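Working notes, beginning with the structure itself.
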Amino acid sequence: MATVLGELDSLSSNQAISNALNTVVPVTDSGLTTASYSTLNQFIQTAVGRVQNIINTASISEGLTGISTGDSLKGVDIWAQGFGTYAHQSKRGTSNGYNANVYGGALGADRSLRDDKTRIGLSGGYAQTFVRSKDNSGRTDIDSYQANIYGGFHGDTNPYYLDWAFSFAYNNYDGSRHITVGAIERTADSDYNGQQYSAFVEGGYLFNMGKLMLTPLVSLHYMHLYVDSYEETNAGALNLKVEKQNYDLLQSGLGAKLEAPMNCKNGTFIPEVHFRWLYDFVGDKQQTTSTFTGGGGSFKTEGFNPAKASYDLGAKITFLTKNNITFAVDYDCEIKEDFYSHSGLANVKYSF
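Numbering (the numbering used here) for the sequence shown: -16 to 335.
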């Protein structure tokens, strides 16, 4: 540590000293928290959309003659999905932001219960996330393993639905940050774990307007992220011991979707546009408490306050075939202050 302090003392300007000090602290640009939230949320939305699809299928069968929608209200459905997300955080507060890419897939199965109005299912998935920070050339790669129990209820004579999901994710984080203090250049590496716990509920009511279907909806989502403590390697006295971290999200959603089913020779196309206004009542910022392995007391590093309100705009196309197979592709764009993301997915489902 004496060598590091000597290099720091040799710097000729306050700006150079500030730049050097910024490289020796952890990256707290919210890339880790936002990427973890986004990955699990993609997985959750895959499952809870199942109940909505079921009520839509029933409404199509009743409202459009000559359309075969299979027997998806009964029996067992199995499905598979691939998804991806690109997220960009611009400069905010003292952080220069980050870019993140998420790639993943999920498998699931659900079945109706005796009354055919209630369904329950299980799903599992895996995703890889690559976060590239603009602070200290920071890098965090995440391997996420997810499990989910989900279900829902839809009305018999009234086309409303209520769906829910309880989810868990185990995450492995592999990170590095570049340190520059005068002539000293080092890379601190880290490998640590985390867990996520989530509860989600959403309700809506479908208005069948003949050739159009309008569904106003409301949702509430709670998520807890725990990040284990860890110790960096390969940076000598500048390695950090970072204490465990806990973050919470409590996000409400209010929106609607508009669909226009169209009959064709081989089945039914359902184009859809949707919109949600989302608000996180907690708005946790990323922060860490650390000590240098080379000695000294602990210190806290705080990131910026993230925007609490965001807007999700998207479009979806679903194709219901006449042999109980359903294909769907979906695109969403989330926008909030100094941040945007693009997400896409492809889904296939078979109904027994």
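We treat Cβ as the ideally placed atom computed from N, Cα and C, and that holds for glycine.
Given the structure is predicted, the values throughout are model-derived calculations rather than measurements.
- Task: Please go through the same chain and pick out, in chain order, the residues whose beta-carbon is closer than 8 Å to the beta-carbon of GLY58, but skip the five residues on each side of it.
- Result: Contacts found: ARG94, SER95, SER334 and PHE335.
- Message: So LEU15 and TYR156 are supposed to be a Cβ contact under 8 Å. How far apart are they, rounded?
- Response: Going by Cβ atoms, the distance from LEU15 to TYR156 rounds to 7 Å, so yes, they are a contact pair.
- Query: What are the start and end residues of the beta strand (DSSP E) that includes ALA166?
  - Reply: No beta strand (DSSP E) holds ALA166; DSSP gives it neither H nor E.
- Task: Could you check what DSSP says for LEU261 in three-state terms: helix, strand or coil?
- Result: If DSSP states are grouped into helix, strand and coil, LEU261 belongs with the strands.
- Item | Nearest-angstrom Cα separation, counted from ALA3 out to PHE258 | So the two alpha carbons sit approximately 44 Å from each other.
- Anyone know if the C-beta pair for ARG75 and ASN119 falls short of 8 Å? No, the pair does not count as a contact, with Cβ atoms beyond the cut-off.
- Query: Start and end of the beta strand (DSSP E) containing SER334?
  - Reply: Unbroken beta strand (DSSP E) run through SER334: 322 to 334.
- Message: So, does the region 243 to 260 touch the region 270 to 278, judging by three or more C-beta pairs under 8 Å?
- Response: Segments in contact, no.
- What's the gap between the Cα of TRP62 and the Cα of VAL256? Cα to Cα, the separation comes out at about 22 Å.
- Compute the Euclidean distance between the alpha carbons of SER13 and PRO289, then round it to the nearest angstrom. Cα to Cα, SER13 sits roughly 8 Å from PRO289.
- Exposed or buried, which one is ASP98 when buried takes at least 16 other CB atoms within 10 Å? When all chains shown are included, ASP98 counts as exposed.
- Message: To test your reading of the DSSP string, which unbroken beta strand (DSSP E) runs of 3 or more residues are found completely within the region 138 to 201?
- Response: Runs found: 143 to 164 and 167 to 188.
- Task: For ASP313, verify whether its CB is less than 7 Å away from any heavy atom of the ligand ADP.
- Result: This structure lacks the ligand ADP, and indeed carries no ligand of any kind.
- Item | Proximity below 8 Å, CB of TYR143 to CB of GLY91 | For TYR143 and GLY91, no; Cβs fall outside 8 Å.
- Roughly how many whole angstroms lie between the Cα atoms of ILE50 and THR251? Caution is warranted here: a pLDDT of 45 is assigned to ILE50, below 50, making its placement in the model unreliable, and the coordinate value is therefore given only provisionally. Those two C-alpha atoms are separated by around 7 Å.
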